[in-house]
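Peer 1: Per UniProt numbering, the sequence shown starts with residue 1, numbered consecutively.
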Amino acid sequence: MFEQTTNSLSSFLNRHQQGARITLTAVSASALTAFAILGYQRFTRQLYSREQSQRRPSIIPAINEVYEEKEPMDESLVSEFLARNTAFLGEEGISKVRKSFVVVVGSGAVGSYATLMLVRSGVQHIRIIDTGVVRLETLNCHALAKAMDIGKTKVDTMKKHLAHIAPNATVETACEKLDEHNIEKLLSDISHSAQDPLARMYRRQLRKFKIDRDLPVVYSIEKSLNFGRVPDFDTRSLPVLGPIASMFGMSLTTYVILQLAEFNAYELPQNKGRDGVYSRIQKELAGKEEFTFGNK
């Protein structure tokens, strides 16, 4: 049986000798072409990978950059940097600001802006206390955090970026929760807060730690309302606009800087909770909105 098959194959090749040669030649040429293309592609990929690895900076220097000590800014540059604050507060006032030590509890939307502007305003010793990490949904209202900082602690993120903004400043960080065991170590008080229920809650908690005097706070006189899910938003609570949080941070910083410099040329007006005034303003805005957009 095997001999018959061999003889049949031999006779077939003898009869179609020319066609068989052409077929074998075509197959060989195709195989060689395929090997050549695959070899060239592999070579170019290796070459590209080698070039990219040479261009791309190492991961280690990027990590070490967080802990890299920055060159302190020359004093003449610092004076120029703070020239406008000096013109407003005076030489003695800005000197007091620079020698101050400020503790910021919380480095989120409000705290990050307050910390940033305290350092930019000349405060050279600051401590940041926060246990949170940077999240994607909070990037829109954070003063310094970037996409690459997601998942990192807020205090380390602040310290890293502040090192580039104000290398002369000493930034301490404490990634721990403020409680009765460390409150004396981390800070040293809130005694009065008009109508702000949130500040009232803080005051009640601080009194448990025997802290009840001489701690000024920025507060809101807006009365809190109970609200459910907002129809126009997918979230379960009211979203926060970035500029609103920054306004509170800037207000805090402005007050603190004036207190540190002992600047008393302008006194804050006494707070008067006039519900009628705010109700009238709200009605005027509602009327303008109805006239402009045709809604009620």
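Beta carbons are placed, not taken as given, at the ideal position from N, Cα and C, and that holds for glycine.
Going residue by residue through the UniProt domain "THIF-type NAD/FAD binding fold" (83-191), where are the continuous alpha helix (DSSP H) segments of at least 4 residues, counting only ones entirely within it?
Peer 2: 83-98, 109-120, 154-165, 183-186
Peer 1: At a cut of 8 angstroms, does the segment 136-149 reach the segment 98-115 through at least three beta carbon pairs?
Peer 2: yes
Peer 1: Excluding five sequence neighbours on each side, which residues of the same chain lie with their C-beta closer than 6 angstroms to the C-beta of K177?
Peer 2: Position 177 of the sequence shown, counted from the first residue, corresponds to residue 177. Closer than 6 angstroms at the Cβ level, and outside the excluded window around K177, lie T131.
Peer 1: Could you check which residue in A245, L260, T254, F88 has the C-alpha nearest to that of A109?
Peer 2: The sequence position of residue 109 within the sequence shown is 109, counting from 1. The shortest Cα separation from A109 among A245, L260, T254, F88 belongs to A245.
Peer 1: Considering only C-alpha positions, which residue in the set V103, G287, H181 is nearest to V155?
Peer 2: To locate residue 155, count along the sequence shown from 1; it is residue 155. For V155, the nearest C-alpha among the options comes from V103.
Peer 1: Where does V240 sit, in a helix, a strand or coil, going by DSSP?
Peer 2: Taking the sequence shown and counting its residues from 1, one reaches residue 240 at position 240. Coil, per DSSP.
Peer 1: List the endpoints of the continuous alpha helix (DSSP H) containing F81.
Peer 2: The residue labelled residue 81 in the question sits at position 81 within the sequence shown. That run of the alpha helix (DSSP H) goes 75-81.
Peer 1: What do you get for S121, buried or exposed, if any count of 16 or more other CB atoms within 10 angstroms of its CB means buried?
Peer 2: For the purposes of this step, residue 121 is identified with residue 121 of the sequence shown, where counting begins at 1. When all chains shown are included, S121 counts as buried.
Peer 1: Using CA coordinates, which residue listed in E71, M158, E137, N140 is at the minimum distance from V105?
Peer 2: The residue labelled residue 105 in the question sits at position 105 within the sequence shown. Among E71, M158, E137, N140, the Cα nearest to that of V105 is on M158.
Peer 1: Rank D74, S107, H164 by C-alpha distance to the C-alpha of T138 and give the top, closest one.
Peer 2: Along the sequence shown, read from residue 1 onward, the residue named residue 138 stands at position 138. For the residues D74, S107, H164, the minimum Cα distance to T138 belongs to S107.
Peer 1: Between which residues of its own chain and G242 is the CB-CB distance below 6 angstroms, once the five residues before and five after are set aside?
Peer 2: As a working note, residue 242 is residue 242 in the sequence shown. Once the five neighbours on either side are set aside, the close Cβ partners of G242 are N140, C141.
Peer 1: Using 9 angstroms as the threshold, is the C-beta distance between L260 and V97 below it?
Peer 2: Translated into positions along the sequence shown, residue 260 becomes position 260. Translated into positions along the sequence shown, residue 97 becomes position 97. The answer is yes: Cβ separation under 9 angstroms.
Peer 1: Given this structure, state the Cα-to-Cα distance separating N168 from V78, to the nearest angstrom.
Peer 2: As a position in the sequence shown, residue 168 is number 168, starting the count at 1. As a position in the sequence shown, residue 78 is number 78, starting the count at 1. Going by the C-alpha atoms only, they are around 9 angstroms apart.
Peer 1: Between V123 and S95, is the Cβ-Cβ spacing less than 9 angstroms?
Peer 2: Residue mapping note: residue 123 aligns to position 123 of the sequence shown, counting from 1. Residue mapping note: residue 95 aligns to position 95 of the sequence shown, counting from 1. In this structure, S95 does not lie closer than 9 angstroms to V123 by Cβ.
Peer 1: Considering only residues of the same chain and omitting the five flanking positions on each side of E172, which have a CB-CB separation below 6 angstroms?
Peer 2: Here residue 172 refers to the residue found at position 172 of the sequence shown. Excluding residues within five positions, the ones whose Cβ falls inside 6 angstroms are R127.
Peer 1: Determine the DSSP secondary structure at A36, reduced to helix, strand or coil.
Peer 2: Translated into the one-based positions of the sequence shown, residue 36 becomes position 36. A36 falls in the helix class under three-state DSSP.
Peer 1: Where H164 and G111 are concerned, what is the direct C-alpha to C-alpha distance, given to the nearest angstrom?
Peer 2: Counted from its first residue, the sequence shown places residue 164 at position 164. Counted from its first residue, the sequence shown places residue 111 at position 111. Cα-Cα distance, rounded: 19 angstroms.
Peer 1: Near L136, what residues of its chain come up, given a Cβ to Cβ distance below 6 angstroms and the 5 sequence neighbours on each side ignored?
Peer 2: Taking the sequence shown and counting its residues from 1, one reaches residue 136 at position 136. The answer, listed in chain order, is I150.
Peer 1: Straight-line CA distance for I129 to D179?
Peer 2: As a working note, residue 129 is residue 129 in the sequence shown. As a working note, residue 179 is residue 179 in the sequence shown. In a straight line, the C-alpha of I129 is about 12 angstroms away from that of D179.
Peer 1: Is it buried or exposed, T253, if we count other Cβ atoms within 10 angstroms and call 16 or more buried?
Peer 2: Within the sequence shown, numbered from 1, the residue matching residue 253 stands at position 253. T253 should be labelled buried.
Peer 1: Would DSSP call F263 helix, strand or coil?
Peer 2: Residue mapping note: residue 263 aligns to position 263 of the sequence shown, counting from 1. Coil at F263, not helix or strand.
Peer 1: Tell me whether L32 is buried or exposed, calling it buried when 16 or more other Cβ atoms sit within 10 Å of its Cβ.
Peer 2: To locate residue 32, count along the sequence shown from 1; it is residue 32. Under this definition L32 is an exposed residue.
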